[in-house]
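What follows is a short report on a single structure.
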């Protein structure tokens, strides 16, 4: 799964009817202090997340198991709002 | 899901018969102001999108749930035409 | 889906028996004029494609829906031979 | 599969109920001496791994087959704790 | 599918029981003469491959269709040992 920050929202009136009722949020993946830009992406929301929230996102076909209509064509879904993320900084490189 | 702009169209006469009737559009993924080139790709269209439209695309095996023949060998489908996309610019880096 | 050019062929005598009878071609993905090298990969062929042909390729588990033995362990398949590909050059950056 | 080191842990109180009872660990992929930074990611744990352990991780929809609730929306799971990893250094480039 | 060279082996005593009996090999993807480093990864072996062998690897959920326990949590499997790989060098860029 990926940790990211909700940075936006998307509206689409004309869409697959199986997507009706879903909220689509734009997620900026965490960089964990690394020197690289991660690609923004859009996820359906299953948690009531809002702008600025740190969220846990599941990608791929597993995303469909999180929403009520498991035939909805989604490939990313917010499955949790992150309370805390503890990273050990002293990990040696290998 | 990915947001992109429809920039082209592909024709293929000789193809898997399960693809008959589908429209194939070339999509350029949004860069969200980031300094990187995203790879173009081809998506089946389920929305009647045209050149220049901003679209929402689902990738992977979930793409198949959006079209009538769910055995069609596709891995990307346009599932919506984007009305608006609001991005919050003040998100701090982490 | 991905557009690419067939640039080679692979032979493997010792292989999973469910792959028997399939042709394996090496595909070089199109760069669409972008300044990046895409990774070559191997796809099963369902169209009779040959060296130099421009092809449409489906990746992931959806590739299996294109061949007769849907339990064959493949993750990429050529699903069409491209007649033409029209790209609109004037798309503004966003 | 990917080999990585467990470098952190994630807590989320508000989450998909199908994730209840799972432990979420942050994994830093091995670089095998290569000059590139791999993206950290979050995996559910099925092995009792802890900070500093070298682990084997399965990604994608196959991750779901490792846990008791195969409808849980996860896309990465720690499936083993690595005892040893022998890499042959003399492999020629091709 | 991906072509690579077997460069190592991984041992894990503590692992998902559905992985018992499988061999895990480290694969270095071919670069086809391109100037980029590909990420090493771990694949289950279904062919009796050894260090130095050139192999064909299937990734994603399709990997599971190659082994006897199709519920084993794997996302990459060696499906063939490559006899030869012919690449046409004269392909023009596009």
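Residue numbers (this note's numbering), protein chains in the order written: chain P, 1 to 94; chain E, 101 to 194; chain L, 201 to 294; chain R, 301 to 394; chain B, 401 to 494.
All C-beta atoms, glycine included, are put in the ideal place defined by N, C-alpha and C.
Nearest-angstrom Cα distance between residue 253 of chain L and residue 223 of chain L?
Rounded to whole angstroms, residue 253 of chain L to residue 223 of chain L spans 15 Å at the Cα level.
Kindly list, in the order they appear in chain E, the residues whose Cβ is closer than 8 Å to that of residue 202 of chain L.
Within chain E, the residues near residue 202 of chain L are 141, 142.
Over the uninterrupted beta strand (DSSP E) stretch that includes residue 25 of chain P, give me the two end residues.
That run of the beta strand (DSSP E) goes 24–29.
Which stretch, first to last residue, makes up the beta strand (DSSP E) that contains residue 289 of chain L?
First-last for residue 289 of chain L: undefined, no H or E at that position.
According to the Cβ coordinates, are residue 157 of chain E and residue 130 of chain E closer than 8 Å?
Taking 8 Å as the Cβ cut-off, residue 157 of chain E and residue 130 of chain E do not qualify as a contacting pair.
For residue 81 of chain P, return the contacting residues in chain C, with the cut-off set at a CB-CB distance below 9 Å.
As a matter of chain content, chain C is missing from the structure shown, whose protein chains are P, E, L, R and B.
Which residues mark the beginning and the end of the beta strand (DSSP E) in which residue 219 of chain L is found?
It is not in any beta strand (DSSP E) - residue 219 of chain L carries neither H nor E in the DSSP assignment.
Does the distance from the C-beta atom of residue 255 of chain L to that of residue 207 of chain L stay below 8 Å?
Not in contact: residue 255 of chain L and residue 207 of chain L (Cβ atoms no closer than 8 Å).
Have a look at B:481, B:411, B:442 and flag the residue whose alpha-carbon is nearest the alpha-carbon of residue 214 of chain L.
Nearest option by C-alpha distance: B:481.
What distance in whole Å lies between the Cβ atoms of residue 51 of chain P and residue 101 of chain E, which are believed to be in contact at a cut-off of 8 Å?
With a Cβ gap of about 18 Å, residue 101 of chain E and residue 51 of chain P do not count as contacting.
From the DSSP secondary-structure annotation, give me the bridge partner or partners of residue 345 of chain R.
According to DSSP, residue 345 of chain R bridges with R:378.
Quick check on DSSP: helix, strand or coil for residue 436 of chain B?
The answer is coil: DSSP assigns residue 436 of chain B none of H, G, I, E or B.
Quick check on residue 208 of chain L: does DSSP put it in helix, strand or coil?
If DSSP states are grouped into helix, strand and coil, residue 208 of chain L belongs with the strands.
Using three-state DSSP, classify residue 354 of chain R as helix, strand or coil.
Strand.
Any Cβ of chain B within less than 8 Å of the Cβ of residue 318 of chain R?
No, its Cβ sits nowhere closer than 8 Å to a Cβ of chain B.
Please confirm whether residue 63 of chain P and residue 25 of chain P have their CB atoms less than 8 Å apart.
Their beta carbons are not under 8 Å apart, which means residue 63 of chain P does not touch residue 25 of chain P by this criterion.
Ordered along the chain, which non-local residues of its own chain (more than five positions away) have a Cβ less than 8 Å from that of residue 168 of chain E?
Hits under 8 Å: none found.
Using a Cβ cut-off of 7 Å, pull out every chain E residue sitting near residue 234 of chain L, in sequence order please.
Residues of chain E passing the Cβ test: 137.
Check the Cβ of residue 73 of chain P against every Cβ in chain E and list those closer than 9 Å, keeping chain order.
Neighbours of residue 73 of chain P on chain E, chain order: 101, 146, 158, 162, 163, 164, 165, 166, 167, 177, 179.
How about residue 161 of chain E and residue 16 of chain P: do their beta carbons lie closer than 8 Å?
For residue 161 of chain E and residue 16 of chain P, no; Cβs fall outside 8 Å.
Among E:118, E:146, E:159, E:185, whose alpha-carbon lies nearest the alpha-carbon of residue 246 of chain L?
Checked all of E:118, E:146, E:159, E:185; the closest Cα to residue 246 of chain L is E:118.
Quick one: residues in its chain with C-beta nearer than 8 Å to the C-beta of residue 437 of chain B, no 5 flanking neighbours on either side, listed in chain order?
Hits under 8 Å: 431.
Is the Cβ of residue 325 of chain R closer than 8 Å to any Cβ of chain B?
Closer than 8 Å: no.
Taking residue 384 of chain R as the reference, which of B:442, B:433, B:434 has the closest Cα?
Residue 384 of chain R has its Cα closest to that of B:442, out of B:442, B:433, B:434.
Residue 376 of chain R and residue 389 of chain R - do their beta-carbons sit closer together than 8 Å?
Contact: no.
Just checking my contact of residue 486 of chain B with residue 209 of chain L at CB under 8 Å: how many whole Å lie between their CB atoms?
Their Cβ separation, rounded to whole angstroms, is 5 Å, which keeps residue 486 of chain B and residue 209 of chain L in contact under 8 Å.
Does the Cβ of residue 458 of chain B lie closer than 7 Å to at least one heavy atom of the ligand ATP?
Only the bare structure without any ligand can be found here, which leaves the ligand ATP out of the picture.
Are the C-beta atoms of residue 308 of chain R and some chain P residue less than 8 Å apart?
Taking Cβ atoms only, chain P reaches closer than 8 Å to residue 308 of chain R, which makes this a yes.
Closest to residue 472 of chain B by C-alpha separation, out of B:411, B:421, B:412, would be which residue?
The shortest C-alpha separation from residue 472 of chain B is found at B:421.
Would you list the one or two residues that DSSP bridges to residue 202 of chain L?
Its beta-bridge partners are L:257.
Just the C-alpha distance for residue 440 of chain B and residue 239 of chain L, rounded to the nearest angstrom, thanks.
Distance between the alpha carbons of residue 440 of chain B and residue 239 of chain L is about 14 Å.
For residue 65 of chain P, name the three-state secondary structure that DSSP assigns.
Three-state result, residue 65 of chain P: helix.
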